[in-house]
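K.L.:
Protein chains in written order, with the numbering used here: chain A, 39 to 334; chain B, 12 to 325.
Glycine included, each C-beta is placed from N, C-alpha and C at the ideal position.
This is the structure in C-alpha cells:
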C-alpha cells in the first residue's frame, strides 16, 4: 500500500495534522503503558491491602484503593494492558475473517449472495447484544471476550472489503493478470487485496476503539472478563457500588477509557482524512477507495 | 417503484432466516446439555432423559432447527428456565421501560444532533463549527455507561437533584416516569447526538455545494431560506439512515444503561438471564431485538421513498 522507499512518509503526512498527532500520542502512550505495566504499576493489581480499604488517593495509592484494598492505579495500568490486548486481538480476528469473506464474496459472484445475506443477518444484531449472547454460552474469559467481539466485527470488515473488491476486480491490471493465466489465489492476494486495504485500515482504528468499549461494557455488566482480572470495566463495576464513598473508583478508570478512545478516534479521523479526503469529518466508515492520497 | 418496494420487503426474509438460525446456534454453543441445565443439578437421569425427549433434544439437529423455525412462526419462544413462564410474557412485561428509554434517548439525540450539525455546516470552519465538532468528538469517546455513572455522581450524589437510580412506571404518571428516565436517556442520547451531528454536518456541507443551492442564492433568496428550505430537505436523508442505525446502538446501549440505573427493562432481563444461564430468555430477547431492528431499517428505507423521489426510479 505504501510504496517502498517512502515507507515512513505517510506518517509525516499524517502527523502534520495536529489532531492526528494528538491522537497518535495518546495511542502510543496507551501502548507504552500496556507494555511496561509491571514497571509503572508500582503495586501488584491483585494485592489486597486490607488496612487501606476504600482509601482515597494518597502518596502510597495514587488513585486510591477499592473495597478490598487493591491499588486502583495498578488496576487501571493493568487494565490498559488488557484493553490493548483485547483491541489488538479483536482487530486481528475481525480482519482475518472479514478479509477472507470479503474477498470471496466480492470476487466469486455466486458465493456473494449467500455470504452477504449471512453477513446482513449478523449485522441485524446490535453488536453488544450479540456479544452478550455469545458470552452467555462461551462463559467469562479474556479469550471468549475477544472471540465474541471479533465475530461481531467480521461482517463489518467483510462488507467494506467486498465493496472495494467489486471495483478493483474490474480494473485493467486485474484483467491483465487473469489474461496472463495468473491463478485466482495470487490475483486476489497480490493484486486485489493490497488495493482494498486502506479503507479497512481506517476502519481498524474504529474497531479497535469499539472493542475497547465493548470489553469495558461486557466486564462492567459482569459477563466479560472474570472480576479478579484488572480491567477498566471491572473497576467501574466495583466503583458503581461505592459511587458515594469512593468516586475515585469511577473517575480514574473513566478518564483512562476516555483518553484511550479519544486518542483512537482522533488517530482514525486523521488516517481517514489522509487516505480518503472526501470523507472528511463524517465520522462514518469510509466505503470509497481513493488512491489520490497515497504517498508515492 | 412497486418492484423496488417488493424487493426491499422480500430482502427481509433471508435476514430473518439468518437471525433465527444464529439464535438457535448461539444456545447450542454452550457446553453441556440444555436438558440437564433446565432440570437442575439434582435431577435424576431418567427425568433428564424425559425432558430431553420433551424438548425434542433427542432428535437430529436439522429436525430441531426446522422445529425452531416452526415455533418462531407461531410466536412461541419457549419457557424461561428460571422464571417458569413463557419467554414472550417476560419480554412483554419488560418492554415498557426499554421502549420509553430508547424513545427519549433518540429524541434527545436528534434534537441536539441535527441542529448542531446544521449550524456547524452553515458556519463551516468557524469557531462555532470547530467547538461543536470538538464536543462531538469528545462525546463519541465517552462510553454511555460512564456518562451515566458521572451523571449519577454529579446530579444524584453531589447535587441531589435527581433520583440516583430506579424506575417509576408510566402508570404512576408521565412526569415521575420522565423524571426517572431523564438521566438514563440523556446519557444514552447525548453520546448518540455526537454521531448524528457529524453526519448531518457532512451531508449538509455536500448539499450546500450543489448547483441548485448556488442558483437559489444567485436569485437572491435569504440565507436562512436556502439553508432550511432547500438544503435541509436533501441533507436530512443520510441523517435518517443514521437514526435507523442509532436505534440499534441505543437498544444495545440501553442494556448497559439499565444496569447503571437499575431499570427493569429488557437489558436487565437478558443480563440476569446470562448470569442464571437461562438460555431460552437470552435467545428470546436477542431475537426480538434483532427482528425489531430489521423492521425499523425496513421502515426507514420506505420513508426514504417518500422523501427522495430519485430513489424510486432506480
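If you drop the 5 nearest sequence neighbours on each side, which residues of the same chain put their C-beta closer than 6 Å to that of residue 188(A)?
P.N.:
The residue labelled residue 188(A) in the question sits at position 150 within the first chain. Counting only Cβ-Cβ distances below 6 Å, and skipping sequence neighbours, we find 128, 131 and 132.
K.L.:
Please go through the stretch 94–171 of chain B and give each complete alpha helix (DSSP H) segment of 4 or more residues, from N-terminal end onward.
P.N.:
Those alpha helix (DSSP H) runs which fall completely within the stretch 94–171 of chain B and span 4+ residues are 98–133, 138–152 and 155–162.
K.L.:
I'd like the list of long-range same chain contacts for residue 169(A), defined as Cβ closer than 7 Å, with 5 residues on each side in sequence excluded.
P.N.:
Locating residue 169(A) in the first chain gives position 131, where the first residue counts as 1. Only 186, 187, 190, 252 and 256 meet the Cβ criterion.
K.L.:
When burial is assigned at 16 or more other CB atoms within 10 Å of the CB, is residue 308(B) buried or exposed?
P.N.:
For the purposes of this step, residue 308(B) is identified with residue 297 of the second chain, where counting begins at 1. Label assigned to residue 308(B): buried.
K.L.:
Looking at the C-beta of residue 251(A), does it have a partner C-beta in chain B at a distance below 7 Å?
P.N.:
For the purposes of this step, residue 251(A) is taken as residue 213 along the first chain, with counting starting at 1. Yes, contact with chain B.
K.L.:
Is there contact here, the stretch 295–315 of chain B with the stretch 145–158 of chain B, by at least three beta-carbon pairs under 8 Å?
P.N.:
Flag = no, the stretch 295–315 of chain B and the stretch 145–158 of chain B do not touch.
K.L.:
Taking its Cβ as the centre, do 16 or more other Cβ atoms sit within 10 Å of residue 257(B), making it buried, or is it exposed?
P.N.:
Position 246 of the second chain holds residue 257(B). Burial call: buried.
K.L.:
Check this for me: beta carbons of residue 268(A) and residue 117(A), under 7 Å apart or not?
P.N.:
Taking the first chain and counting its residues from 1, the one referred to as residue 268(A) is at position 230. Taking the first chain and counting its residues from 1, the one referred to as residue 117(A) is at position 79. Yes, Cβ-Cβ distance for residue 268(A) and residue 117(A) is below 7 Å.
K.L.:
Taking the C-alpha atoms as reference points, what is the distance between residue 201(B) and residue 55(B)?
P.N.:
Numbered from 1 along the second chain, position 190 holds the residue referred to as residue 201(B). Numbered from 1 along the second chain, position 44 holds the residue referred to as residue 55(B). Each residue's Cα considered, the two are about 53 Å apart.
K.L.:
Tell me the DSSP secondary structure of residue 250(B) in three-state form.
P.N.:
The count along the second chain starts at 1 and reaches residue 250(B) at position 239. Correct three-state label for residue 250(B): helix.
K.L.:
Around the C-beta of residue 186(B), are 16 or more other C-beta atoms found within 10 angstroms, so that it is buried, or is it exposed?
P.N.:
As a working note, residue 186(B) is residue 175 in the second chain. Exposed, by the Cβ-count rule.
K.L.:
Check the Cβ-Cβ distances between residue 315(B) and every residue of chain A, and say whether any is below 7 Å.
P.N.:
Your numbering for residue 315(B) matches position 304 in the second chain. No - not a single Cβ of chain A is within 7 Å of the one on residue 315(B).
K.L.:
So with Cβ pairs under 7 Å, would you call residue 191(B) a contact of chain A?
P.N.:
Position 180 of the second chain, counted from the start, is the residue given in the question as residue 191(B). With 7 Å as the cut-off, residue 191(B) does not count as an interface residue toward chain A.
K.L.:
Since residue 135(A) is in the alpha helix (DSSP H), which residue starts that stretch and which ends it?
P.N.:
Position 97 of the first chain holds residue 135(A). Its alpha helix (DSSP H) spans residues 110–145.
K.L.:
Does DSSP classify residue 323(A) as helix, strand or coil?
P.N.:
As a position in the first chain, residue 323(A) is number 285, starting the count at 1. Its pLDDT being 36, under 50, residue 323(A) is placed unreliably in this model, and the value from its coordinates should be taken loosely. In the structure shown, residue 323(A) sits in coil (DSSP, three-state: anything other than H, G, I, E or B).
K.L.:
Distance, Cα to Cα, residue 325(A) vs residue 195(A)?
P.N.:
Here residue 325(A) refers to the residue found at position 287 of the first chain. Here residue 195(A) refers to the residue found at position 157 of the first chain. Because residue 325(A) sits at a pLDDT of 32, beneath the cut-off of 50, its placement in the model cannot be relied upon, and the following sentence gives the value as read from the coordinates. Using only the alpha carbons, I get a separation of about 11 Å.
K.L.:
Taking Cβ-Cβ distances shorter than 7 Å, what residues in chain A pair up with residue 156(B)?
P.N.:
By one-based count along the second chain, residue 156(B) stands at place 145. Those are 255 and 258, listed as they occur along chain A.
K.L.:
Mind checking which residues open and close the alpha helix (DSSP H) that includes residue 271(A)?
P.N.:
Counting from one through the first chain, the residue named residue 271(A) turns up at place 233. Per DSSP, residue 271(A) belongs to the alpha helix (DSSP H) from 270–279.
K.L.:
Leaving aside the five residues before and after residue 21(B) along the sequence, list all residues of the same chain whose C-beta is less than 6 Å from its C-beta, in chain order.
P.N.:
Position 10 of the second chain, counted from the start, is the residue given in the question as residue 21(B). Excluding residues within five positions, none has a Cβ falling inside 6 Å.
K.L.:
Taking its Cβ as the centre, do 16 or more other Cβ atoms sit within 10 Å of residue 269(B), making it buried, or is it exposed?
P.N.:
On the second chain, position 258 is the one that residue 269(B) refers to. By the 10 Å Cβ count, residue 269(B) comes out buried.
K.L.:
In the DSSP output, which residue or residues are listed as bridge partners for residue 103(A)?
P.N.:
The residue you call residue 103(A) lines up with position 65 of the first chain. Beta-bridge pairing links residue 103(A) to 109(A).
K.L.:
With a threshold of 6 Å on Cβ separation, who are the neighbours of residue 320(A) within its own chain once the five nearest residues in sequence on each side are excluded?
P.N.:
Residue mapping note: residue 320(A) aligns to position 282 of the first chain, counting from 1. Bear in mind that the predicted position of residue 320(A) carries a pLDDT of just 43, short of 50, making it too unreliable to give a figure here.
K.L.:
Would residue 26(B) and residue 158(A) qualify as a contact pair, given that the criterion is a beta-carbon distance under 7 Å?
P.N.:
Locating residue 26(B) in the second chain gives position 15, counting from the first residue. Locating residue 158(A) in the first chain gives position 120, counting from the first residue. Yes; because the gap between Cβ atoms is below 7 Å, this pair is in contact.
K.L.:
Among the residues of its own chain, which have a CB less than 6 Å from the CB of residue 98(B), if the five just before and after it don't count?
P.N.:
Along the second chain, one-based indexing puts residue 98(B) at 87. Once the five neighbours on either side are set aside, the close Cβ partners of residue 98(B) are 88, 89, 91, 291, 292 and 295.
K.L.:
Nearest CA to the CA of residue 226(B): which residue from 215(B), 246(B), 242(B) and 251(B)?
P.N.:
Numbered from its first residue, the second chain carries residue 226(B) at position 215. The shortest C-alpha separation from residue 226(B) is found at 242(B).
K.L.:
Could you check whether the Cβ of residue 193(A) sits closer than 7 Å to any Cβ belonging to chain B?
P.N.:
The sequence position of residue 193(A) within the first chain is 155, counting from 1. No, no contact with chain B.
K.L.:
If I'm right that residue 112(B) touches residue 192(B) with Cβ under 8 Å, what's the distance once you round it to whole angstroms?
P.N.:
Against the second chain, residue 112(B) aligns to sequence position 101. Against the second chain, residue 192(B) aligns to sequence position 181. Right, the Cβ-Cβ distance comes to about 6 Å (below 8 Å), so this counts as a contact.
K.L.:
Using beta-carbon positions only, say whether residue 95(A) and residue 286(A) come within less than 7 Å of one another.
P.N.:
Walking along the first chain from the start, residue 95(A) turns up at place 57. Walking along the first chain from the start, residue 286(A) turns up at place 248. Yes.
K.L.:
Starting from the Cα of residue 143(A), find the closest Cα among 77(A), 200(A), 193(A) and 135(A) and give me that residue.
P.N.:
By 1-based counting over the first chain, the position of residue 143(A) is 105. With distances taken between Cα atoms, residue 143(A) lies closest to 200(A).
K.L.:
With 7 Å as the threshold, decide whether the Cβ of residue 331(A) is near any Cβ in chain B.
P.N.:
Your numbering for residue 331(A) matches position 293 in the first chain. Model confidence at residue 331(A) stands at a pLDDT of 28, short of 50, so the residue's coordinates are unreliable and nothing is read from them.
K.L.:
Tell me, please, whether the stretch 277–286 of chain B touches the stretch 202–222 of chain B by the rule of three or more beta-carbon pairs shorter than 8 Å.
P.N.:
Touching, no.
K.L.:
Suppose the cutoff is 6 Å on Cβ atoms and the five residues either side in sequence are ignored; what does the same chain contact list for residue 313(B) look like?
P.N.:
Position 302 of the second chain, counted from the first residue, corresponds to residue 313(B). There are no such residues.
K.L.:
Going along the chain, which residues of its own chain have a beta-carbon closer than 7 Å to the beta-carbon of residue 232(B), five neighbours each way excluded?
P.N.:
The residue given as residue 232(B) occupies position 221 in the second chain. The answer is none, since no qualifying residue turns up.
K.L.:
Please state whether DSSP places residue 222(A) in a helix, a strand or coil.
P.N.:
If you number the first chain from 1, residue 222(A) lands on position 184. Three-state result, residue 222(A): helix.
K.L.:
Closer than 7 Å, Cβ to Cβ, to anything on chain B: give me those residues from the stretch 86–117 of chain A, in chain order.
P.N.:
So nothing in the stretch comes that close.
K.L.:
Less than 8 Å between the CB atoms is what I'm expecting for residue 211(B) and residue 124(B), so what's the real figure, rounded?
P.N.:
Position 200 of the second chain, counted from the first residue, corresponds to residue 211(B). Position 113 of the second chain, counted from the first residue, corresponds to residue 124(B). Rounded, the Cβ-Cβ distance is 6 Å, consistent with contact.
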